[in-house]
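Read the structure below first, then the notes.
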Amino acid sequence: MSKQGYFGRFGGAFIPEILSATFEQLKEAFAAAKEDQSFWQEFEQLMRTYSCRPTPLTYCDNLSCRFGGPRFYLKREDLNHTGAHKLNNVMGQGLLVKRMGKTRVIAETGAGQHGVATATMAAKFGFACTVYMGEVDVARQRPNVFWMEQLGAEVVPVCDGARILKDAINEALRDWAGNMDTTHYVLGTACGPHPYPEMVASFQAIIGKEARAQILREAGRLPTRVYACVGGGSNALGIFSGFLDDPEVELVGVEAGGEGLHTSRHAARLASDHADVGIAQGYKTYFLQNDDGQMQETHSVAAGLDYIGVSPILSSYAEESRVRFEAATDREVLAATRLVMKEEGIIPALESAHALAGAFREADQLSEADIVVINLSGRGDKDIFTIAEALGDSGWESFIASKSEAYRA
139 MSKQGYFGRF GGAFIPEILS ATFEQLKEAF AAAKEDQSFW QEFEQLMRTY
189 SCRPTPLTYC DNLSCRFGGP RFYLKREDLN HTGAHKLNNV MGQGLLVKRM
239 GKTRVIAETG AGQHGVATAT MAAKFGFACT VYMGEVDVAR QRPNVFWMEQ
289 LGAEVVPVCD GARILKDAIN EALRDWAGNM DTTHYVLGTA CGPHPYPEMV
339 ASFQAIIGKE ARAQILREAG RLPTRVYACV GGGSNALGIF SGFLDDPEVE
389 LVGVEAGGEG LHTSRHAARL ASDHADVGIA QGYKTYFLQN DDGQMQETHS
439 VAAGLDYIGV SPILSSYAEE SRVRFEAATD REVLAATRLV MKEEGIIPAL
489 ESAHALAGAF READQLSEAD IVVINLSGRG DKDIFTIAEA LGDSGWESFI
539 ASKSEAYRA
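Residue numbers (our numbering): 139 to 547.
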């Protein structure tokens with residue numbers, strides 16, 4: 139970080155005056171916690187006893203044989219409690235909320251995994267909880283809405299704009315501005331105003347710390363490449379953090395290519411030339427925007443990657459060429475999802491399948507001596523409606539139709 143809140147020329151804190159005091163309180167709380175070993179000991183104990191960390195590093199012998207090239211390993215964040223890497227960040231922020239003495243948390247969510255994680259944290263710590271979610275995402279991630287509500291959270295559908303993640307963030311910020319004395323905004327990824335990018339990346343660094351030690355123990359050497367999907371960037375920064383000081387390890391972020399980078403129906407900020415540097419939602423980074431600076435609509439089969447901006451930390455790594463960015467299309471993602479299910483018996487989240495698709499596409503560049511680690515950021519049971527529809531599964535369609543008829547009877 140070159141100056142407070144900046145990573146190269148990206149980051150900062152562009153916030154309304156009304157939120158200044160709240161951000162100062164958060165910066166002070168995080169700065170104190172960052173230097174307090176007892177805070178990190180409590181965090182690691184909580185993750186070990188409540189979230190089942192460390193998550194495993196799984197060798198994929200069937201996939202390795204199929205591609206005949208590198209040895210594939212998956213870092214299993216899908217086995218983290220609530221089914222994704224999201225819990226690492228929210229439990230860390232929950233401990234900060236206790237330190238600040240606040241009683242309510244709010245959050246935004248796209249795929250729903252961050253919402254479920256926040257609702258879980260709120261239930262455990264006894265906080266009131268409200269989750270904002272775009273109306274489009276509510277429809278395609280209904281199972282996660284059900285679990286958030288059962289955990290005690292109020293889920294508020296956002297009907298403004300494109301009714302997706304960026305609109306949910308705007309609504310959460312409006313709520314926070316009116317309730318800052320009692321409420322903390324649990325931002326779900328390494329974006330937003332300082333100190334969120336640094337804070338979220340710090341809590342997610344536990345992924346990379348574990349992965350580095352595990353691959354050295356399992357394979358006796360560092361990997362050739364590490365792949366992660368990139369929406370806002372929290373899981374990518376988490377696993378990349380373990381290898382940033384190892385220049386021989388190539389780090390690859392895979393964004394949502396949607397219907398292809400030759401169309402406007404994607405969410406690739408760093409892998410395409412369609413994004414420009416701008417300031418929105420309180421920070422400076424690459425955003426997908428038109429010639430007038432207005433934010434463009436985005437598309438991805440994966441709700442969690444359907445975001446206009448990207449972490450300022452990753453924008454900085456892109457300009458330094460420390461991380462290479464690619465994109466995977468919806469079609470490639472669904473093919474990778476099916477392949478991993480059939481070859482390894484693992485159901486990946488559609489977000490995570492972007493990293494898998496990127497790694498499989500480049501497998502022929504590597505040899506049997508090479509090692510690839512892929513961060514499996516979440517599990518795919520939340521995507522059952524989207525995957526079943528994309529695959530045209532007639533048995534599932536009949537089941538849903540019969541359930542619908544039963545509810546109407």
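In this text, a Cβ means the ideal position worked out from N, Cα and C, and glycines have one as well.
Please read these numbers as outputs of a predicted model, since none were measured by experiment.
Alpha carbon of F168 to alpha carbon of R359, nearest angstrom: Your numbering for residue 168 matches position 30 in the sequence shown. Your numbering for residue 359 matches position 221 in the sequence shown. Distance between the alpha carbons of F168 and R359: 34 angstroms.
Coarse secondary structure for G143, derived from DSSP in three states: If you number the sequence shown from 1, residue 143 lands on position 5. Residue state, collapsed to three classes: coil.
Boundaries of the alpha helix (DSSP H) in which R204 is found, first to last residue: Locating residue 204 in the sequence shown gives position 66, counting from the first residue. R204 -> alpha helix (DSSP H) spans D199 to F205.
Residues sharing a beta bridge with G391, DSSP: Within the sequence shown, the letter at position 253 stands for residue 391. Answer is A366 and F463.
Range of the contiguous alpha helix (DSSP H) that encloses A315: On the sequence shown, residue 315 is found 177 positions in, with the first residue counted as 1. Run containing A315: L303 to G316, per the alpha helix (DSSP H) assignment.
Segment limits, alpha helix (DSSP H) that includes G416: One-based indexing of the sequence shown puts residue 416 at position 278. Not the alpha helix (DSSP H): G416 falls in the beta strand (DSSP E), residues A413 to A418.
Between the CA atoms of G516 and F425 - distance to the nearest angstrom: Here residue 425 corresponds to residue number 287 of the sequence shown, with the count starting at 1. Here residue 516 corresponds to residue number 378 of the sequence shown, with the count starting at 1. Cα to Cα, the separation comes out at about 25 angstroms.
Neighbourhood of E246 by C-beta, 6 angstroms cutoff - its chain only, sequence neighbours within 5 removed: Position 108 of the sequence shown, counted from the start, is the residue given in the question as residue 246. Beyond the five residues adjoining it in sequence on each side, E246 comes within less than 6 angstroms, by CB distance, of Y270, A306, I307 and A310 in the same chain, given in chain order.
Stretch-stretch touch, CB-based, cutoff 8 angstroms, three pairs: the region 361-379 with the region 441-455: yes
Bounding residues of the beta strand (DSSP E) (the contiguous stretch that carries A245): Locating residue 245 in the sequence shown gives position 107, counting from the first residue. Counting along the chain, the beta strand (DSSP E) containing A245 begins and ends at R242 to T247.
Paired residues, beta bridge with F425 - DSSP: The residue labelled residue 425 in the question sits at position 287 within the sequence shown. Beta-bridge pairing links F425 to D414.
At least 3 beta-carbon pairs within less than 8 angstroms: the region 255-267 vs the region 218-231: Result yes; three or more Cβ-Cβ pairs closer than 8 angstroms.
Reduced DSSP secondary structure (H/G/I, E/B, other) of L504: Within the sequence shown, numbered from 1, the residue matching residue 504 stands at position 366. L504: coil per DSSP, three-state reduction.
C-alpha distance - R403 paired with T436, whole-angstrom precision: Here the question's residue 403 lines up with position 265 in the sequence shown. Here the question's residue 436 lines up with position 298 in the sequence shown. When rounded, the distance between both Cα atoms is 6 angstroms.
Inter-stretch contact (C-beta, 8 angstroms, three-pair minimum) for the region 346-358 and the region 160-179: No, the region 346-358 does not touch the region 160-179.
Span of the beta strand (DSSP E) around T321: Along the sequence shown, read from residue 1 onward, the residue named residue 321 stands at position 183. Looking at the DSSP string, the run of the beta strand (DSSP E) that includes T321 is T321 to Y323.
The region 148-157 in contact with the region 445-461 per 3-pair CB rule at 8 angstroms: yes
The region 315-324 in contact with the region 236-244 per 3-pair CB rule at 8 angstroms: yes
Residue nearest to Q142 in terms of C-alpha spacing, selected from E336, R460 and T220: The sequence position of residue 142 within the sequence shown is 4, counting from 1. When only C-alpha atoms are compared, the closest one is E336.
Buried/exposed call for S140, threshold 16 Cβ in 10 Å: One-based indexing of the sequence shown puts residue 140 at position 2. Only weak support exists for where S140 lies, its pLDDT of 49 falling under 50; the value from the coordinates is given anyway. Exposed is the call here.
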